[in-house]
Every structure is written in C-alpha cells, then in structure tokens.
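Here's the structure we're looking at; comments come further down.
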C-alpha cells in the first residue's frame, strides 16, 4: 500500500508528544497506518466511530475530563460532522484538533473523491475554522504544535489538512 | 409515567459523589434544572445525538467516575450508529437512560418512529449493548435505574414517558457558565483523587 508509513509515524509521534491520549477515527485509506499505530499503543485510547460527527462528542467529553484528544477523518467525514462542530464544539467553545485527509485534490484517481476536494477549504472558511496544510514531513511537528496551541488558547476547533504529497508515496 | 417524576425519583443518585450527568437539550435539561442545578450536570443544548458520544468520551477518559446520560428518542434516532460505538467500547461506568415520549416534544411535538413501532431497547441490544430494558412505570424505572448503577456495566434503559414537558426551555443558566462549571467540577474531582 503506497500510503506512507514513515509520514504516518511522524504524525503519530508528534500527536503523542503533544499529549494526545484520545484519538477518534473513522478509517479511510490514507489514515490506515495512523489508526493502527493508535490501536497498538497501550497509552492511547482509540475510539473507532460509526460516523465522524460522534468524534466531536468524544473529544468534548475528553476535554471536560481533562484529556487531550485528536480527530482523524477524511474531508467527507469533516463535511458529515458540520452540525456537531457548530452546535457542540463552537457553541460550547471546545478545542478540537482535527486532522483531515485532503482527498480530491490534484493527483486524485478516485472519481468519487473529487467533489469533496472542491469544497473542503471553503466550508472550513465559512465555519471560521483556522486551518493549515501538512504537505511535508519536516513541517509536521511545528504545525501540529501551533495548531494545538491555538485550539486551546481560543477554545475552538482547528484543522490540519493532510495532503497527498505527505501521505501518499507515489504521488 | 411523567419524565419529571422519573428524574425526581433518581435525583439524589444523579447528585452523588463521583457521578456526572450529561443530558440532551430541551425538556430533559429544563426539568432536571427545575429540580436544582448541580455543577456535575451538563446540558448539551444542541448537537442532537451527541450526548451519548460525550458521555462515552468522559467515561473512557475517567474510569473512576460514573457517567449517566439522559437521552431522548429523537436524539438517539439521530445517532443510531453511536449505539454501536457505545457497545463496542462498553464503558462499565456509563448508564444510558433514554426517555422515550415517542415525540420531538421540544421542537413542536412531531411523532418519532418509536410511535410507529421502532424499539430503541431492541436496537441497542442489537447494537451489542450488554444490558437493555424498557420500563413503563415509575417503580419499574427506579428499580431498573438502581440495578443499572449497581451492575457496573453498560446499560441502555428506555423509559416510556408521557409527551409533556415544561412551559419554557430557556433557563437563566448560560450555556458557557454550565460548560465551565462542569469542566471545573471534573477537574476538582481529579485533584481530590
């Protein structure tokens, strides 16, 4: 599978070093190694979801309980979570660290992924969710730390878009 | 059975040490508040369906606490997949109460699918929740709730209640005040550990 194990490991280690101890996820191809790493780590609580919006509730509960969390999802999962993000996380000022695989961009071969790629950043902007892109392994540590810092200082959701150049080895 | 009477019957249990309560919006939240707000109560006043997910997040993060989710039929029906997630992680410290009035009472009283035969306890059982029950009287509810607390295992308890509620849903507790009180309550419990 050409999903990058080394990039997934960089991201996972950075999340772990950032104190994340709850990860909610709905599997998709690009996230498969990240989810496996969370599952194999006895110090991490992995919650496999039926639908991504549940992850907003999981993260809100973890935050109230004093535990740092991250959400792993595809951009279509982000689109499926919008009401939870607005009417739970934003209404109640819950910090969310969302790592969203940016499917449907240049290089996408799956026709069914192409529509979501056109709207993801526009929806993030409409929701006033600060976001940045992760396209190179050397940027991951700094950008995750900065995103998490803003999520907690603002008590709001933030997003990092996982790009093809980072996640896919034969892009 | 009236929901208010059911909540009243277990109010002292909801207020006990190391118990935390997450409710859905509308009538459930307003009725619990009418009995006396406590800082261990969080009222999720929107995001229908996510109260049980929030309860799961707390229960997995803090196994020493007992989490009680006061849910409703309309909310559960918006997040049926969440029952499968609850069952999958089977938090032993979570009691999931569903007040089923067969109606979206708080948004105008439209009948839900439980009014035409959908059975939430059976759905929860099918999802893999280890203990499920449907109760129709106050005595049955009180006994089943106590049993669920004592079982130390995940329980979904469906209480069939009348479709009646308070005259108003907005209270003088602001959403953010409730949110920060609740978070501080959980922090204080952690510091006392």
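Chains as they are written, first to last, in this note's numbering: chain A, 624 to 794; chain B, 630 to 822.
Glycine included, every Cβ here is placed at the ideal spot set by N, Cα and C.
Practice task
Determine the direct distance from the alpha carbon of residue 726(B) to that of residue 713(B), and round the result to whole angstroms.
Solution key: 16 angstroms
Exercise for the section: Compile a chain-ordered list of the residues in the segment 713 to 732 of chain A whose CB is closer than 7 angstroms to at least one CB of chain B. Expected result: 714, 715, 716
Handout entry: Own chain residues within Cβ distance below 8 angstroms of residue 672(A), not counting five before or after
Key = 647, 648, 649, 678, 681
Practice task
Output yes or no for whether 8 angstroms exceeds the beta carbon distance between residue 703(B) and residue 682(B).
Solution key: no
Handout entry: Helix, strand or coil at residue 819(B) according to DSSP, with G and I counted as helix
Key = helix
Exercise for the section: Taking residue 793(A) as part of the alpha helix (DSSP H), name the residues at either end of that continuous run. Expected result: Element bounds for residue 793(A): n/a, residue is neither H nor E.
Handout entry: CA-to-CA distance, residue 704(A) to residue 754(A), given in whole angstroms
Key = 16 angstroms
Practice task
Using a Cβ-Cβ cut-off of less than 8 angstroms, give me the residues of the segment 662 to 676 of chain A that come near chain B, in sequence order.
Solution key: 668, 670, 671, 672, 673, 674, 676
Handout entry: Nearest to residue 725(A) (by Cα), restricted to the options 628(A), 641(A), 789(A)
Key = 789(A)
Exercise for the section: Might you give, ordered along the chain, the residues of its own chain that have their beta carbon closer than 7 angstroms to the beta carbon of residue 657(A), omitting 5 neighbours on each side? Expected result: 631, 634, 635, 695
Exercise for the section: For residue 707(A), collect the residues of the same chain with a Cβ closer than 6 angstroms to its Cβ; drop the 5 residues on either side in sequence, then sort them by chain order. Expected result: 676, 679
Practice task
For the segment 687 to 774 of chain A, list the alpha helix (DSSP H) runs that are entirely contained and at least 4 residues long, ordered along the chain.
Solution key: 698 to 703, 737 to 749
Practice task
Could you list which residues in chain B have their beta carbon closer than 8 angstroms to that of residue 770(A), in chain order?
Solution key: Under the 8 angstroms cutoff, chain B gives no residues; its nearest Cβ is about 20 angstroms from residue 770(A).
Problem - Spatial distance of residue 796(A) from residue 691(B) (CA atoms) - result: Here chain A comprises residues numbered 624 to 794, so residue 796(A) is not present and cannot be evaluated.
Practice task
Give me the Cα-Cα distance between residue 661(B) and residue 762(A), rounded to the nearest whole angstrom.
Solution key: 48 angstroms
Exercise for the section: Would you kindly work out how many angstroms separate the C-alpha atoms of residue 701(A) and residue 722(A), rounded to a whole number? Expected result: 9 angstroms
Exercise for the section: Kindly say whether residue 658(A), judged by its beta-carbon, lies nearer than 8 angstroms to any beta-carbon of chain B. Expected result: no
Exercise for the section: Consult DSSP for residue 674(A) and reduce its assignment to one of helix, strand or coil. Expected result: coil
Problem - residue 835(B) versus residue 788(B): straight-line alpha-carbon distance, rounded - result: Nothing can be reported for residue 835(B), as the shown portion of chain B is limited to 630 through 822.
Handout entry: Proximity test, Cβ basis, 8 angstroms: residue 680(A) and chain B
Key = yes
Practice task
Note the first and the last residue of the continuous beta strand (DSSP E) segment covering residue 701(B).
Solution key: 695 to 701
Problem - Identity of the residues DSSP links to residue 636(B) by a beta bridge - result: DSSP output for residue 636(B) lists no bridge partner at all.
Practice task
Tell me whether residue 748(B) sits in a helix, a strand or coil according to DSSP, three-state version.
Solution key: coil
Practice task
Consider the Cβ of residue 698(A): report whether some Cβ of chain B lies at a distance smaller than 8 angstroms.
Solution key: no
Exercise for the section: List the residues of chain B that residue 689(A) touches, going by C-beta distances under 9 angstroms, in chain order. Expected result: 690, 691, 812, 815, 816, 819
Handout entry: Sub-8 angstroms separation of residue 766(B) and residue 699(B) beta-carbons
Key = no
Exercise for the section: State the DSSP-derived secondary structure class of residue 717(B), mapped to helix, strand or coil. Expected result: helix
Problem - Range covered by the alpha helix (DSSP H) that runs through residue 803(B) - result: Taken as a continuous stretch (DSSP letters only), residue 803(B) belongs to no alpha helix (DSSP H), as it is neither H nor E.
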